[in-house]
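Novice: When you read off a place in the sequence shown, starting at 1, and then add 24, the result is the number in my numbering.
Where is the CB? At the ideal position from N, CA and C, for every residue including glycine.
Model, not experiment: these values are computed from the prediction.
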Amino acid sequence: MPSLNILSVDDDATLGMLLKAFIGSLGHRCTVVSDGEQAVQRYQQEPFDLVLVDQLMPGMDGISATIAIRELQKHTGWRPIIMLSGMDEADDQVASLNAGCDDFIAKPVNFSILAAKITSFSRICALQEQVAEQNRQLRHYHLAEAEERRISSFLMERLVRRDLLDQPQVRYLLQPASEVSGDLLLACPASNGDLYVMLADATGHGLPAALTLIPLSQTFYAMAGKGFNLDSIARELNLRNRAYSPADRFVAALMAVYRPRENVLSVWNGGVPSALLLDERGQIVRRFKSLNLPLGIVADEAFESECETIAVRPNQRLLLYSDGLIEAENAAGELFGQTRLEHYLQEQESLAPNLLAGLQQALQAHMGDRRPHDDLSCLLLECNADNTRFAGQQQTSAEIAEDWHLQLTLSAPQLQRLDLVPMVGNMCTTLGLESERQGVLAVILNELLSNALDHGVLGLDSSIKNHPEGFELYFESRYERLAALLEGEIHIDIRQQGHPQNNSLQVQITDSGTGFDISQLCSPPDQSTPARYHGRGLELVRNLCQHLEFHPPGNSVKAELRWGAAPRRNLATHPQPLSTPAGQQSPN
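Shown next as structure tokens:
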């Protein structure tokens, strides 16, 4: 038993000395004072572990002293007070207990009983101190946790980039199960005008789940902004998750990119519920099921990626949602469910901007006062080229551009594994390409390199895109031919030249293919087809460039941008009139 510091308050000096000697024999220290005023003063100077106070004393009596000491203990913490009294009537004991005493001993004092009570209160004091220490630790824990949540919320707000998420064609709903969400919604416009979105659902919820997502967001923004394909982004995100998160903390994710120039939508789904492509009336046109493992499960050498690419119609929308939405429970334990979600969508006469607000109301009506047990999130992407902002519109510049020249020759192994457009774009930026020209160059490279690879090297036929399911067949064939490619090359020649009046950027792409009949470029487009899914890329490049020229036999194309204080604009294209054998493909 620990040694106690005990205060004895009694106007009987003899009894005070006896108590001090007896308490000392028990191994405790004892301070003796003769009245209530002295007791209160000493307690202010030195809080004691136990107070023995006589009930009847001249001046401040035991009742008043007890009340005063209890006031002091509001700041110093509870300690026991035992009343000693020669008056053992029930009313006296009640008065003592009501004043704040914890026990009552009648005089003459039975020292055996006093010793037992001191021992008992010693145990109580030890327990009280233990509880007080636990409370201090708990308060510290809560303060530390609140600070961690504050910092995590701050980081997540910065990582989410709401300035990018608030795109005109993006609507979203996010309801975390705790203060910090383990679901992540991201949007990023690429420099070439494409729009990327991602929904990520980390294992668990709250702070541990949110920390898992931090390394992924910056990688997504960096790669999507440069126009990397979804397969490349998914592979890099898988590497990041395995590098920075424990083995049991994987991330289910769904990424999509809408390419407004072709009205094409690509989706990569790894462990997220099927994304739904909706028409104007909320009817489900297509489901994008999970074809890949969540991020972080397998190593890079075992990582396989599969995307789905389709042509979309104007005003169709893609709905992404986490499992927390369909697993939201009501008081009876009933799930919101896939059926209820689809029924809600099909009830909509049109996909108005308040579609998600209505969905949130339907969820709230289902859950009632219950909070979701898991983070729930959804994102609605509008596939409408009119609402898509092109980040690469040209701007004039009064500065003379730096001179530089880049030449690359890529053979089959590089064509199979490299993401050509962002790779070449990064090289040009490093060499000194102005930021105002980066988006335009990305569009030109995307179209010209795609033509060179798809038609020149792989020999694909763009007309297949006009048929139902044509885009899927086209990209399946592209994947198969590229995987089996043994020979073929693309030569890239890019030169920037500065001039006070007209800076210029010349891009020439040459492939190892047989070319095409250049005279086809002079033919008017076929207007009999309601929706032409090829031939758009060349039209866009024509409009962006001041000069566009194909060289015989059609496997080499040169585009030129000019800008300055007063740039001269020539929208005419100058193809060389040369015929080639029938059956060769013109650029898309």
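1) Okay, do the segment 253 to 271 and the segment 296 to 310 touch, 3+ Cβ pairs below 8 Å being the bar?
2) Should Glu113 be labelled buried (16 or more other beta-carbon atoms within 10 Å of its own) or exposed?
3) Assess, as a yes-or-no matter, whether the segment 180 to 189 is touched by the segment 163 to 171 under the definition of 3 or more beta carbon pairs within less than 8 Å.
4) For Ala507, is the beta carbon positioned less than 8 Å from some heavy atom of the ligand SAH?
5) Take Asp225 as the anchor and find which of Pro200, Gln384, Asp207, Cys212 has the nearest alpha-carbon.
6) Could you check the C-alpha separation between Glu504 and Asp218 for me, to the nearest Å?
7) Can you tell me the Cα-Cα spacing of Ala150 and Asp126, whole angstroms?
8) Taking DSSP's pairing of strands, which residues face Asp517 in a bridge?
9) Count the other C-beta atoms from every protein chain shown that fall within 10 angstroms of the C-beta of Val57, then say buried if there are 16 or more, exposed otherwise.
10) Count Cβ pairs between the segment 154 to 165 and the segment 78 to 87 that sit closer than 8 Å; are there 3 or more?
11) Would you decide whether Tyr165 is buried or exposed? Buried here means 16 or more other CB atoms lie within 10 Å of its CB.
12) Under the rule that 16 or more other beta-carbon atoms within 10 Å means buried, what is Leu510, buried or exposed?
13) Enumerate in chain order the residues of its own chain whose CB-to-CB distance from Asp34 is below 6 Å, with the five nearest sequence positions on each side excluded.
14) Would Phe178 be called buried (16 or more neighbouring beta carbons within 10 Å of its own) or exposed?
15) Tell me, please, whether the CB atom of Phe274 is closer than 9 Å to any CB atom in chain B?
16) Let's see if you can read the secondary structure: which residues bound the alpha helix (DSSP H) around Gly60?
17) Hey, is the segment 392 to 405 in contact with the segment 185 to 205, meaning 3+ C-beta pairs nearer than 8 Å?
18) Return yes when the Cβ of Val221 is within less than 9 Å of the Cβ of Leu403, no when it is not.
19) Using the Cα positions of Phe312 and Ser435, report the straight-line distance between them to the nearest angstrom.
20) Keeping to the same chain, check which residues put their C-beta closer than 6 Å to that of Ala37; ignore five residues upstream and five downstream.
21) Quick one: what does DSSP say Pro213 is sitting in, helix, strand or coil?
22) Whose C-alpha, out of Leu585, Glu366, Asp272, Pro576, is nearest the C-alpha of Asn623?
23) For Glu426, which residues in the same chain have their Cβ closer than 7 Å to its Cβ, ignoring the five residues on either side in sequence?
24) Does the Cβ-Cβ distance between Leu387 and Leu343 come in under 9 Å?
25) Could you name the residues of the same chain whose beta carbon sits closer than 8 Å to that of Pro26, not counting the 5 residues immediately before and after it, in chain order?
26) Within 10 angstroms of the Cβ of Glu471, are there 16 or more other Cβ atoms? Answer buried if so, exposed if not.
27) Count the other CB atoms within 10 Å of the CB of Leu442; is the residue buried (16 or more) or exposed (fewer)?
28) Where Leu439 and Gly295 are concerned, what is the direct C-alpha to C-alpha distance, given to the nearest angstrom?
29) Express the C-alpha separation of Gln532 and Val445 in angstroms, rounding to a whole number.
30) Taking the C-alpha atoms as reference points, what is the distance between Thr90 and Ala45?
31) Among His229, Leu138, Gly512, Pro213, which residue has its Cα nearest to the Cα of Arg283?
32) Run through DSSP, which three-state label would Ala271 get?
33) What is the DSSP secondary structure of Gln340, reduced to helix, strand or coil?
34) When you compare only the Cα positions, how much space is there between Pro232 and Tyr345?
35) Take Ser314 as the anchor and find which of Glu325, Pro338, Met279 has the nearest alpha-carbon.
36) Taking its Cβ as the centre, do 16 or more other Cβ atoms sit within 10 Å of Ala323, making it buried, or is it exposed?
Specialist: Inspection of the coordinates gives the following:
1) No: fewer than three Cβ pairs fall under 8 Å.
2) Mapped onto the sequence shown, residue 113 falls at position 89. The residue in question, Glu113, is exposed, as its Cβ has fewer than 16 Cβ neighbours within 10 Å.
3) Taking 8 Å as the limit for Cβ pairs, the verdict is that the segment 180 to 189 does not touch the segment 163 to 171.
4) Within the structure as shown, the ligand SAH is missing, as the structure has no ligands at all.
5) By 1-based counting over the sequence shown, the position of residue 225 is 201. When each option's Cα is compared against that of Asp225, the closest is Asp207.
6) For the purposes of this step, residue 504 is taken as the residue at position 480 of the sequence shown. For the purposes of this step, residue 218 is taken as the residue at position 194 of the sequence shown. C-alpha separation (whole angstroms): 25 Å.
7) Residue 150 sits at position 126 when you count from the first residue of the sequence shown. Residue 126 sits at position 102 when you count from the first residue of the sequence shown. Roughly 16 Å separates the two Cα atoms.
8) Taking the sequence shown and counting its residues from 1, the one referred to as residue 517 is at position 493. Partner(s): Gln431, Gln532.
9) By 1-based counting over the sequence shown, the position of residue 57 is 33. Val57 is buried by the Cβ-count criterion.
10) In this structure the segment 154 to 165 does not lie against the segment 78 to 87, because fewer than three pairs of beta carbons, one per stretch, are closer than 8 Å.
11) As a position in the sequence shown, residue 165 is number 141, starting the count at 1. Exposed.
12) One-based indexing of the sequence shown puts residue 510 at position 486. Exposed is the call here.
13) Stepping through the sequence shown from its first residue, residue 34 is reached at position 10. The residues are Gly40, Asp78.
14) Here residue 178 is taken as the residue at index 154 of the sequence shown, counted from 1. By the neighbour-count rule (16 or more Cβ atoms within 10 Å), Phe178 is not buried but exposed.
15) Any reference to chain B falls outside this structure, which holds one protein chain only.
16) The sequence position of residue 60 within the sequence shown is 36, counting from 1. It spans 60 to 69 - the alpha helix (DSSP H) in which Gly60 sits, taken as one unbroken run.
17) At 8 Å Cβ cutoff, the stretches touch.
18) Locating residue 403 in the sequence shown gives position 379, counting from the first residue. Locating residue 221 in the sequence shown gives position 197, counting from the first residue. Contact flag set, yes.
19) As a first step, residue 312 is located in the sequence shown; it is residue number 288 there, counting from the start. As a first step, residue 435 is located in the sequence shown; it is residue number 411 there, counting from the start. Roughly 34 Å separates the two Cα atoms.
20) In the sequence shown, counting from the first residue as 1, residue 37 sits at position 13. If you ignore the 5 residues before and after Ala37, its C-beta comes within less than 6 Å of no other C-beta in its own chain.
21) Residue 213 sits at position 189 when you count from the first residue of the sequence shown. Looking at Pro213 - three-state DSSP - the assignment turns out to be strand.
22) Examination of residue 623 is not possible in this model, given that the chain is present from 25 through 612 alone.
23) Position 402 of the sequence shown, counted from the start, is the residue given in the question as residue 426. Only Gly456, Gln520, Gly522 meet the Cβ criterion.
24) Within the sequence shown, numbered from 1, the residue matching residue 387 stands at position 363. Within the sequence shown, numbered from 1, the residue matching residue 343 stands at position 319. Going by beta carbons, Leu387 and Leu343 fall outside the 9 Å limit.
25) As a position in the sequence shown, residue 26 is number 2, starting the count at 1. Answer for Pro26: Ser146, Ala150, listed in chain order.
26) Residue numbering aside, residue 471 sits at position 447 when the sequence shown is read from its first letter. Buried is the call here.
27) Reading the sequence shown from its first residue, position 418 is the one you call residue 442. By the neighbour-count rule (16 or more Cβ atoms within 10 Å), Leu442 is not buried but exposed.
28) The count along the sequence shown starts at 1 and reaches residue 439 at position 415. The count along the sequence shown starts at 1 and reaches residue 295 at position 271. Roughly 29 Å separates the two Cα atoms.
29) Numbered from its first residue, the sequence shown carries residue 445 at position 421. Numbered from its first residue, the sequence shown carries residue 532 at position 508. Cα-Cα distance, rounded: 14 Å.
30) Residue numbering aside, residue 90 sits at position 66 when the sequence shown is read from its first letter. Residue numbering aside, residue 45 sits at position 21 when the sequence shown is read from its first letter. Thr90 and Ala45: Cα-Cα distance of roughly 24 Å.
31) Position 259 of the sequence shown, counted from the start, is the residue given in the question as residue 283. Of the listed residues, the one whose Cα sits closest to Arg283 is Pro213.
32) Taking the first residue of the sequence shown as position 1, residue 271 is located at position 247. Coil at Ala271, not helix or strand.
33) Within the sequence shown, numbered from 1, the residue matching residue 340 stands at position 316. If DSSP states are grouped into helix, strand and coil, Gln340 belongs with the strands.
34) Taking the first residue of the sequence shown as 1, we reach residue 232 at position 208. Taking the first residue of the sequence shown as 1, we reach residue 345 at position 321. Between Pro232 and Tyr345, the C-alpha separation is close to 21 Å.
35) Position 290 of the sequence shown, counting from 1, holds the residue named residue 314. Each of Glu325, Pro338, Met279 was checked against the Cα of Ser314, and the nearest Cα belongs to Met279.
36) The residue labelled residue 323 in the question sits at position 299 within the sequence shown. Exposed is the call here.
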